[in-house]
Amino acid sequence: MVYFTINTVTYPIQVPVPARWRWRRVCASATAENRLAWAQESAFRDRDGELEVAVKAVQMACGLCQRVQEALLLPAGHNSGLKTSKDDRSPVTVADWAVQATVSWVLSQCFGEEHTSIIAEEDESALSTAESTPLLDLVVSSVNRCLTEAPRYGLPGPEKELRRNEIVELIGRCNSRGGPKGRFWVLDPVDGTLGFVRGDQYAIALALIEDGEVVLGVLGCPNYPMKKEWLNYHQRYYRLVSKLSPPEFGSWHKGCVLYARKGGGQAWMQPLLDLTQVLDLEKSARVIQVSSVSDPASATFCEPVEKANSSHLFTAGLAHSVGVRKQPLRVYSMVKYAAVARGHAEIFMKFARAGYKEKIWDHAAGVIIIQEAGGVVTDARGSPLDFSKGVYLEGLDRGIIACSGALLHRRIIEAVDASWDSSNL
Ligand SMILES: Nc1ncnc2c1ncn2[C@@H]1O[C@H](COP(=O)(O)OS(=O)(=O)O)[C@@H](OP(=O)(O)O)[C@H]1O
Ligand SMILES: [Mg+2]
Ligand SMILES: [Mg+2]
Ligand SMILES: [Mg+2]
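For the sequence shown, full-length UniProt numbering assigns the number 1 to the initial residue and increments by one for each residue that follows.
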């Protein structure tokens, strides 16, 4: 039995303990190197360590995804077995499962399995057949490689490598149903998997929901460009640009992790942590704010790349009717939420086809980050998104509208009302 002590009382660790105590126990066993990072806990104003752990887990996941994306972009024959398709023909990769297992392991270690409820996009079924062993082995090695680096991110690492069955269990455990009561984490291990396999934008999104409300959100955007203009360049050109500007260690080359806590009145951004340097979270984090542009003529709106995911025709009509003149910024994944939160775009709109039900993991982290950065996010009626009804955003009226300010937001809602009946949606 393992024991730990708080205020002279000794507890066996199976006893349910508040999350913050459990986290302190992890801190107490830290190496000197790790303590350096943990000592900066104040940067997160995070009594229970939840935001800090979430940010570090997402930082680690960004590194994992970068390695897999690099491998995916190798010439055919060198990248086999890293991706496959689900029953709905959407892509899924080694990174989607490996990030889910990694985050599941980190949260369970830091806060105790019994206190950790997670709802996440992927399930373990495709990894559980005899034919899937080669795929599972790629996931296993990706997770173990990532967890080896955990102490360098200021997180505990496993004593020995995790085995296949443990990893399948970690993925399968993320099967919470959510709902109106209690606390649960929401994870999209790779959002914008299509962008990811194409070498383009994608995000890792983690949020915590308490009694139906999002209380913290973290968005990892490993390919977020150094210059906002480059958000527009897809794939090949983007890779060309990357080649023209080789990474400078320690600088804001590309990639960021955004985070916010409900009611904090601030959203933050960190660069991707560079493991060749000493971690300095306090110095590297910056406050982000939405744009102050309220004139539609100067505003940029962003939307999904794929027409199948959102009607480009309808949003073009809305943009025109409110006086938005610029071309839409089409970006894969929740990087669109990040662009609005960082002030690089003023509007994000998504109008999925009738019958499609939006899932909470595609929005939770982005919504809280935009709100805390000063923006507004609602459905097309102007109602808040409802994260209390399980996996889906039940009751969502028509589409999602995120704006940097209330004025732009109101104009778009009015434009939706004026044009909805004549649309084919
Ligand atoms: N038909 C349809 N309509 C609307 N949305 C859908 C649809 N199908 C899937 N999805 C979800 O959209 C997520 C990707 O959204 P994006 O904004 O990145 O779309 S796009 O790739 O830029 O077009 C994508 O997230 P990931 O699966 O994590 O990539 C899906 O959850
Ligand atoms: Mg998604
Ligand atoms: Mg996903
Ligand atoms: Mg998917």
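C-beta atoms are modelled at their ideal positions from N, C-alpha and C, and glycine is treated no differently.
Quick one: is residue i buried, meaning 16 or more other Cβ sit within 10 Å of its Cβ, or exposed?
i           : result
G195        : buried
A76         : exposed
D211        : exposed
Q100        : buried
D200        : buried
A130        : exposed
R411        : buried
Y356        : exposed
D188        : buried
S251        : Per-residue confidence for S251 stands at a pLDDT of 40, beneath the threshold of 50, marking its modelled position as unreliable; the derived number appears in the next sentence. Answer is exposed; the Cβ neighbour count stays below 16.
residue 431 : This structure gives no information on residue 431, because the portion of the chain shown stretches from 1 to 425.
Could you tell me which of the options sits nearest to residue i, measuring between CA atoms?
i    : options                : result
E149 : W361, A61, A285        : A61
P134 : G405, Y224, Q371, R164 : R164
A207 : G217, R330, D200, Q201 : G217
R152 : G63, T193, I400        : G63
G154 : V106, D137, D87, R183  : V106
F348 : K262, D379, S423, A418 : D379
D362 : N309, K326, R411, R325 : N309
V335 : E159, P222, D88, R398  : P222
L407 : A299, S108, D123       : A299
W268 : A338, S311, E166, A297 : A338
V55  : G182, V340, A260       : A260
P156 : A98, Q69, A57          : A57
V324 : S311, S294, E306, V305 : S294
I171 : E229, E52, S125, S383  : S125
D48  : H115, W97, R381        : H115
V287 : L318, A341, A316, G317 : A341
S423 : S311, E394, L273       : S311
K307 : L425, A203, W420       : L425
A95  : I413, E70, I119, S108  : E70
S141 : W97, E122, P384        : W97
A354 : G178, L396, L82        : L396
If residue i and residue j are in contact, beta carbons under 8 Å, what's the gap, nearest whole angstrom?
i    : j    : result
V139 : L127 : 7 Å
L72  : V190 : With a Cβ gap of about 11 Å, L72 and V190 do not count as contacting.
E358 : R330 : Their Cβ separation, rounded to whole angstroms, is 18 Å, which puts E358 and R330 out of contact at 8 Å.
A205 : G366 : 7 Å
G220 : V257 : 5 Å
S284 : G343 : Rounded, the Cβ-Cβ distance is 19 Å, inconsistent with contact.
F387 : V214 : 6 Å
V186 : I360 : 5 Å
E161 : G264 : Actually they do not touch by this definition, with Cβ atoms about 38 Å apart.
Q59  : L273 : 5 Å
Considering only DSSP beta bridges, list what residue i is partnered with.
i    : result
P91  : S85
T378 : I401
E303 : R330
F184 : I209
W268 : Y259, V287
K65  : It is worth fixing the name first, because residue 65 is Cys in this sequence and not Lys. None, per the DSSP bridge assignment.
F348 : C302, A402
A120 : L187
K359 : Y392
G217 : A207, A260
N175 : I119
Chain B beta carbons: is any one of them nearer than 7 Å to that of residue i?
i    : result
E113 : Among the chains of the structure shown, chain B does not appear; only one protein chain is present.
Problem set entry | Pocket of ligand 2 (residues with CB nearer than 5 Å to any heavy atom), chain order | D188, D191, D362
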